[in-house]
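Enquirer: One structure, pasted below without further comment.
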């Protein structure tokens, strides 16, 4: 298993992703928690973020509109920060894909931890515990994946532009 | 299996409890009676039965009809759906973090750290 761990073999209820970024902890922390940064990387190619607000304090709100090409439309994501201790960790609850009955298609609690990587840079560990996910979400999620992989083909061009 | 309004949510809710995960891990080895399940957890039969009911409602296990013990059996389909969801979620974030990586590089190259 590379950089992700499902809690126990075959009995997954949470997912953990580990990544190392070549940037100091404060910058990585800010890039994930501050609206001006979030809006710049959250949407991959073809998707953008027309609206983003973030108040990284315990109880502070986070709002991200992720806009994709047709037929994806705009998906508003709502949430609140739970614990915030810059630059060591933060946790937040995120909800998205509101269903016709007012329930959430997805609700999960995600915790990010940061520490200095041994060889320089920042080691990030993200753990998500799923609270709620609707069966109706599955097609949307698969559609989204398709969207991502299509846009992935254009990532190279994007990296050139970015570099 | 009784139909529930939101199968995946029931699955994740059922999986959120460490005892129930341990019961599932035990059942992965094969069909087991309530008595056998209770032993390693130092739990009463009724307490185990309560957990089994949650797992059964979530479609994660089925119970045999034979005898009083009604041996419990793992039902892999619900687990598979949950695992697939988590894998799709992981892929989503993996790609997001690729973008973050590129963005961080760009920020530092520009020297516009905030």
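Chains as they are written, first to last, in the numbering used here: chain A, 11 to 173; chain B, 185 to 298.
Each residue gets a CB set at the ideal place from its N, CA and C atoms; glycine is no exception.
Within 10 angstroms of the Cβ of residue 191 of chain B, are there 16 or more other Cβ atoms? Answer buried if so, exposed if not.
Expert: Start at 1 with the first residue of the second chain, and residue 191 of chain B comes out as number 7. It counts as buried.
Enquirer: So who's on the other strand from residue 63 of chain A, going by DSSP bridges?
Expert: Translated into positions along the first chain, residue 63 of chain A becomes position 53. According to DSSP, residue 63 of chain A bridges with A/73.
Enquirer: Exposed or buried, which one is residue 213 of chain B when buried takes at least 16 other CB atoms within 10 Å?
Expert: Stepping through the second chain from its first residue, residue 213 of chain B is reached at position 29. The residue is exposed, with fewer than 16 neighbouring Cβ atoms inside 10 Å.
Enquirer: Does the beta-carbon of residue 228 of chain B have 16 or more other beta-carbons within 10 angstroms, so that it is buried, or is it exposed?
Expert: Indexing the second chain from 1 puts residue 228 of chain B at position 44. Burial call: exposed.
Enquirer: Taking Cβ positions only, does residue 125 of chain A come closer than 9 Å to chain B?
Expert: Locating residue 125 of chain A in the first chain gives position 115, counting from the first residue. So no, residue 125 of chain A is outside the interface.
Enquirer: From the beta carbon of residue 280 of chain B, is the nearest beta carbon of chain A less than 9 Å away?
Expert: Position 96 of the second chain, counted from the first residue, corresponds to residue 280 of chain B. Yes, because at least one Cβ of chain A sits closer than 9 Å to the Cβ of residue 280 of chain B.
Enquirer: In the DSSP assignment, find the unbroken beta strand (DSSP E) run with residue 142 of chain A in it and report its ends.
Expert: Against the first chain, residue 142 of chain A aligns to sequence position 132. Note, residue 142 of chain A: beta strand (DSSP E), 132-143.
Enquirer: Please go through the same chain and pick out, in chain order, the residues whose beta-carbon is closer than 8 Å to the beta-carbon of residue 236 of chain B, but skip the five residues on each side of it.
Expert: Within the second chain, residue 236 of chain B is the residue found at index 52, counting from 1. Excluding residues within five positions, the ones whose Cβ falls inside 8 Å are 207, 218, 221, 245, 247 and 256.
Enquirer: Whole angstroms is fine: what's the gap from residue 14 of chain A's alpha carbon to residue 266 of chain B's?
Expert: In the first chain, residue 14 of chain A corresponds to position 4, counting from 1. In the second chain, residue 266 of chain B corresponds to position 82, counting from 1. Since pLDDT at residue 14 of chain A reaches only 42, below the 50 mark, its modelled position is unreliable, and the value read off the structure follows with that caveat. Each residue's Cα considered, the two are about 16 Å apart.
Enquirer: If distances are taken between C-alpha atoms only, which option among B/224, B/225 and B/193 comes closest to residue 241 of chain B?
Expert: As a position in the second chain, residue 241 of chain B is number 57, starting the count at 1. For the residues B/224, B/225 and B/193, the minimum Cα distance to residue 241 of chain B belongs to B/193.
Enquirer: Which complete beta strand (DSSP E) runs does the segment 221-267 of chain B hold, if anything under 3 residues is left out?
Expert: Complete beta strand (DSSP E) runs here, min 3: 245-247 and 256-258.
Enquirer: Return the chain-ordered list of same chain residues with a C-beta closer than 7 Å to the C-beta of residue 199 of chain B, the five sequence neighbours on each side being excluded.
Expert: Looking up residue 199 of chain B in the second chain gives position 15. Excluding sequence neighbours, residue 199 of chain B sits near 205 and 266.
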